[in-house]
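Chains as they are written, first to last, in numbering that gives the first Met the number 0: chain A, 0 to 255; chain R, 0 to 289. Read through the structure below, which is laid out as structure tokens, and then see the notes.
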Amino acid sequence: MTMVVDARGVGKVFGGGAEAVQALTGIDLEMETGDFISLIGPSGCGKSTLLRLVADLLEPTSGELLINAKSPSRARLDRDYGMVFQSATLLDWRTVRKNVELPLEIMDVPTEERSKRATEMLDLVQLDQFADHYPWQLSGGMQQRVAIARALAFQPSLLLMDEPFGALDEMTRELMQQEVLRLWGETGISVVFVTHSIPEAVFLSTRVLVMTPRPGTINTEIVIDLPAERDLSTRESPRYFELITEVREALRRGES
Amino acid sequence: MTERDDIIRESRETDLLSAFEGDVPVGGRTPAAIREFGGKYLPALLSFFVVIFLWEGLTRLFGIETFVLPKPSEIITSFIETWNVVWSAGFKTLYEAVGGFVIGVSAALLTSFAAARWVRFREGMLPVAIAANATPIVALAPIFNNWFSITSPLSKMAVVAVVVYFPVMINTTRGLLEVDQAELELMRSVAATPTETMLRVRVPHALPFFFASLKVASALSLIAAIVAEYFGGPQDVLGQYIINRANLFQFPDAWAAILVASILGVAFYVLILAAERLFMPWHVSFRTSE
Chain A
0 MTMVVDARGV GKVFGGGAEA VQALTGIDLE METGDFISLI GPSGCGKSTL
50 LRLVADLLEP TSGELLINAK SPSRARLDRD YGMVFQSATL LDWRTVRKNV
100 ELPLEIMDVP TEERSKRATE MLDLVQLDQF ADHYPWQLSG GMQQRVAIAR
150 ALAFQPSLLL MDEPFGALDE MTRELMQQEV LRLWGETGIS VVFVTHSIPE
200 AVFLSTRVLV MTPRPGTINT EIVIDLPAER DLSTRESPRY FELITEVREA
250 LRRGES
Chain R
0 MTERDDIIRE SRETDLLSAF EGDVPVGGRT PAAIREFGGK YLPALLSFFV
50 VIFLWEGLTR LFGIETFVLP KPSEIITSFI ETWNVVWSAG FKTLYEAVGG
100 FVIGVSAALL TSFAAARWVR FREGMLPVAI AANATPIVAL APIFNNWFSI
150 TSPLSKMAVV AVVVYFPVMI NTTRGLLEVD QAELELMRSV AATPTETMLR
200 VRVPHALPFF FASLKVASAL SLIAAIVAEY FGGPQDVLGQ YIINRANLFQ
250 FPDAWAAILV ASILGVAFYV LILAAERLFM PWHVSFRTSE
């Protein structure tokens with residue numbers, strides 16, 4: 000079985016000579032179809048860098064990295080993944096619908112098909128009534144949902160999310176988490192999710208990878224054995240709190 | 000912002016949508032729109048008339064001579080009496096200004112795209128351009144008169160083109176280059192080519208910069224045309240007309256010509272404002288009631 004993400008001894012050095020910074024070292028990661036993996040760790044632990052290596056926005060300086068058994072650059076050109084950034088990164092001059100259609104335009108999908116797909120995606124994130132609004136007319140949470148619709152529009156097998164809810168308030172954040180779980184369940188997509196938030200990582204993931212800085216590496220892997228169906232009661236279950244404690248202690252160990 | 004956010008956040012019910020319908024640009028003229036229009040332009044109109052009345056009143060009160068500062072009433076009289084001559088001169092000058100504007104803006108756009116596309120070009124060209132920008136360009140007018148023939152409107156257009164070129168080129172280049180890093184990453188993540196990124200991200204980003212520079216350039220182009228005319232050439236243009244009437248002590252005539260120049264300048268500016276709204280209706284400066 001091919002892995003969605005298969006990393007062996009991946010490292011990344013920024014710069015050269017005396018100024019060189021070892022951002023990542025010895026990253027091993029096997030991600031199967033349908034996995035929901037969270038990368039968590041303090042600032043500077045390289046979690047965003049790792050995500051960018053997978054996305055082929057950066058190139059590894061050592062090790063081997065395969066996405067769907069292809070090089071990251073091949074995977075990017077094949078549109079194997081969709082990406083959601085920390086800020087929604089919607090283009091101000093495009094309506095919500097046109098923003099969702101952007102990747103489809105670049106793929107030369109015919110107009111009719113494009114519009115049909117955008118409608119489906121906006122239904123999926125429950126923003127169909129806002130299709131003709133401009134981004135500035137939406138709240139932060141809604142903008143991020145448009146960004147998710149855009150990332151899913153071309154039906155990639157992998158979704159990469161870089162602290163997507165970092166700028167949202169707690170209430171919106173919890174709603175968005177529920178939303179992402181629903182999308183994940185409905186589409187069967189694999190997700191790599193970068194976050195600062197321990198409860199967020201535990202609530203969403205099948206596996207949490209705890210990273211430590213200087214140099215960035217994966218320190219501990221915690222399998223989240225919560226039931227597949229997760230809702231408010233999950234957030235109040237004892238097992239949820241145990242797992243949160245486990246992640247927190249792993250982060251502490253990494254600090255010392 | 001936050002208040003509206005609270006209202007619409009997570010709302011899936013249509014009735015809540017009406018809460019911010021007022022923010023959506025609407026085509027029709029509602030009573031509120033008329034009130035807003037009045038509220039926006041009334042103060043400007045009012046201060047315009049106050050200035051005119053003060054000007055008229057004070058020149059009468061202190062008996063200021065016409066050759067020092069004509070009264071607005073005298074200028075208006077002359078404006079009406081010399082209507083044909085002064086407008087004909089105005090349009091000839093406008094022709095030079097617009098011609099030079101088109102040449103200058105086109106050259107600026109070509110340079111900007113090249114600068115945004117090729118790093119080498121940018122690094123080689125921009126410092127030179129900025130240095131050239133610091134040169135007082137109207138000083139070139141006599142030289143352009145020599146190059147392009149003093150009688151040809153081309154010599155005036157050349158001055159206008161060079162004056163207009165720099166602000167447009169420098170601003171547009173900045174707009175094309177100062178793009179959010181995340182937007183570039185987004186375009187890369189969807190495997191967009193540099194041309195697609197240029198058209199879909201960089202160009203729309205540069206439009207506000209471009210139009211801001213066009214507004215400056217529209218005013219500059221008339222100034223440059225008239226100043227270039229002062230350096231000699233055909234007599235039937237605004238610059239020469241103003242010089243000739245002033246030499247004959249016909250100051251109200253000179254002022255009437257200045258009035259024409261100012262009307263043309265405002266009209267040119269308004270035209271660009273309208274184009275700006277047409278080309279980027281999304282822009283933050285046109286959002287109502289934030």
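Idealized CB from N, CA, C, for every residue including glycine.
Exercise. Quick one: what does DSSP say residue 41 of chain R is sitting in, helix, strand or coil?
Worked result: Judged by DSSP in its simplified three-state form, residue 41 of chain R adopts helix.
For this session: Using beta-carbon positions only, say whether residue 237 of chain R and residue 88 of chain R come within less than 8 angstroms of one another.
Result: A contact, by the Cβ cut-off of 8 angstroms.
Problem set entry | Limits of the beta strand (DSSP E) - the one that residue 218 of chain A falls within | Element bounds for residue 218 of chain A: 216 to 222.
Problem set entry | Per DSSP, the bridge partner or partners of residue 209 of chain A | Answer is A/39, A/219.
For this session: Answer with yes or no whether the minimum CB distance from residue 75 of chain A to chain R is below 8 angstroms.
Result: Interface annotation, residue 75 of chain A: in contact with chain R, CB-CB separation under 8 angstroms.
Exercise. If you draw a straight line from the C-alpha of residue 277 of chain R to the C-alpha of residue 176 of chain A, how long is it?
Worked result: Each residue's Cα considered, the two are about 40 angstroms apart.
Problem set entry | residue 103 of chain R, enclosing alpha helix (DSSP H) - first and last residue | Taken as a continuous stretch (DSSP letters only), the alpha helix (DSSP H) holding residue 103 of chain R covers 82 to 116.
Problem set entry | The beta strand (DSSP E) enclosing residue 27 of chain A, as first and last residue numbers | According to the DSSP assignment, residue 27 of chain A belongs to the beta strand (DSSP E) that extends over 20 to 30.
Problem set entry | the segment 122 to 132 of chain A touching the segment 40 to 52 of chain A, judged by at least three CB pairs closer than 8 angstroms | Because the criterion of three Cβ pairs below 8 angstroms is not met, the segment 122 to 132 of chain A and the segment 40 to 52 of chain A do not touch.
Exercise. In the structure shown, what three-state DSSP assignment does residue 58 of chain A receive?
Worked result: In this structure, residue 58 of chain A counts as coil in the three-state DSSP scheme.
Problem set entry | Where the segment 159 to 179 of chain A meets chain R: residues whose CB sits under 7 angstroms from a CB there | Within the segment 159 to 179 of chain A, the residues whose Cβ lies closer than 7 angstroms to some Cβ of chain R are 171, 174, listed in chain order.
Exercise. Mind listing which residues of the segment 173 to 203 of chain R have their C-beta closer than 9 angstroms to chain A's C-betas, in chain order?
Worked result: Flagged, chain order: 179, 181, 182, 184, 185, 186, 187, 188, 189, 190, 191, 192, 195, 199, 200, 203.
Exercise. Whose CA, out of A/70, A/98, A/139, lies closest to the CA of residue 167 of chain A?
Worked result: Residue A/139 is the option with its Cα nearest to residue 167 of chain A.
Problem set entry | DSSP three-state assignment for residue 162 of chain A, whether helix, strand or coil | Reduced to three states, the DSSP call for residue 162 of chain A is coil.
Exercise. Among R/121, R/142, R/176, R/282, which has the Cα closest to the Cα of residue 197 of chain R?
Worked result: Considering only alpha carbons, the answer is R/176.
For this session: Pull up the distance between the alpha-carbon of residue 251 of chain A and that of residue 223 of chain A, whole angstroms please.
Result: Cα to Cα, residue 251 of chain A sits roughly 19 angstroms from residue 223 of chain A.
Exercise. Is the segment 177 to 186 of chain R touching the segment 142 to 158 of chain R, taking contact as three or more C-beta pairs under 8 angstroms?
Worked result: No: the two stretches stay apart, fewer than three of their Cβ pairs being nearer than 8 angstroms.
Exercise. Quick one: Cα of residue 274 of chain R to Cα of residue 267 of chain R, how far?
Worked result: The alpha-carbon atoms of residue 274 of chain R and residue 267 of chain R are separated by roughly 11 angstroms.
Problem set entry | Under 7 angstroms from the C-beta of residue 91 of chain A: neighbouring residues of chain R | Identification of chain R residues near residue 91 of chain A by a Cβ-Cβ cut-off of 7 angstroms yields 281, ordered along the chain.
Exercise. Can we say the segment 26 to 33 of chain A touches the segment 194 to 201 of chain A, given the rule of at least three CB pairs closer than 8 angstroms?
Worked result: With fewer than three CB-CB distances shorter than 8 angstroms, the segment 26 to 33 of chain A does not count as touching the segment 194 to 201 of chain A.
Exercise. Counting pairs of Cβ atoms below 8 angstroms between the segment 155 to 173 of chain A and the segment 194 to 212 of chain R, do you hit three or more?
Worked result: Proximity of the segment 155 to 173 of chain A to the segment 194 to 212 of chain R falls short of the contact definition, fewer than three beta-carbon pairs being nearer than 8 angstroms.
For this session: Spell out a yes or no on whether the segment 111 to 119 of chain A and the segment 190 to 198 of chain A are touching, meaning 3 or more CB-CB pairs, one atom from each, closer than 8 angstroms.
Result: The answer is no - the segment 190 to 198 of chain A does not touch the segment 111 to 119 of chain A, with fewer than three Cβ pairs under 8 angstroms.
Exercise. Is there contact between the segment 212 to 228 of chain R and the segment 78 to 96 of chain R, where contact requires at least three CB pairs shorter than 8 angstroms?
Worked result: Between the segment 212 to 228 of chain R and the segment 78 to 96 of chain R there are three or more inter-stretch CB-CB distances shorter than 8 angstroms, so the stretches are counted as touching.
For this session: For residue 102 of chain A, go through chain R and note every residue whose CB falls closer than 8 angstroms to its CB, in chain order.
Result: Against chain R, the beta carbon of residue 102 of chain A has neighbours under 8 angstroms at 189, listed in chain order.
Exercise. Got a sec: is the Cβ-Cβ distance from residue 78 of chain A to anything in chain R below 8 angstroms?
Worked result: Residue 78 of chain A counts as touching chain R.
Problem set entry | Secondary structure of residue 177 of chain R, DSSP reduced to three states | Coil, per DSSP.
Exercise. Which residues in chain R sit within 7 angstroms of residue 86 of chain A, going by Cβ to Cβ distance?
Worked result: Within chain R, the residues near residue 86 of chain A are 181.
Problem set entry | Candidates A/233, A/236, A/220, A/64: closest to residue 247 of chain A by CA position | Answer by Cα proximity: A/220.
For this session: Would you be able to state if there are at least three C-beta pairs under 8 angstroms between the segment 120 to 136 of chain R and the segment 72 to 89 of chain R?
Result: Touching, no.
Exercise. Between residue 213 of chain A and residue 14 of chain A, what straight-line distance do the alpha-carbon atoms span, to the nearest angstrom?
Worked result: As the crow flies, the alpha-carbon of residue 213 of chain A is around 15 angstroms from that of residue 14 of chain A.
Problem set entry | Beta-ladder partner(s) of residue 192 of chain A, from DSSP | Residue 192 of chain A pairs with A/37, A/160.
Exercise. Is it the case that the Cβ atoms of residue 103 of chain R and residue 202 of chain R are separated by a distance below 8 angstroms?
Worked result: No, these two residues do not count as a Cβ contact at 8 angstroms.
For this session: Run down chain R in chain order and give the residues with a C-beta less than 9 angstroms from the C-beta of residue 120 of chain A.
Result: The premise fails here: residue 120 of chain A is roughly 14 angstroms from chain R at the closest Cβ pair, so nothing lies under 9 angstroms.
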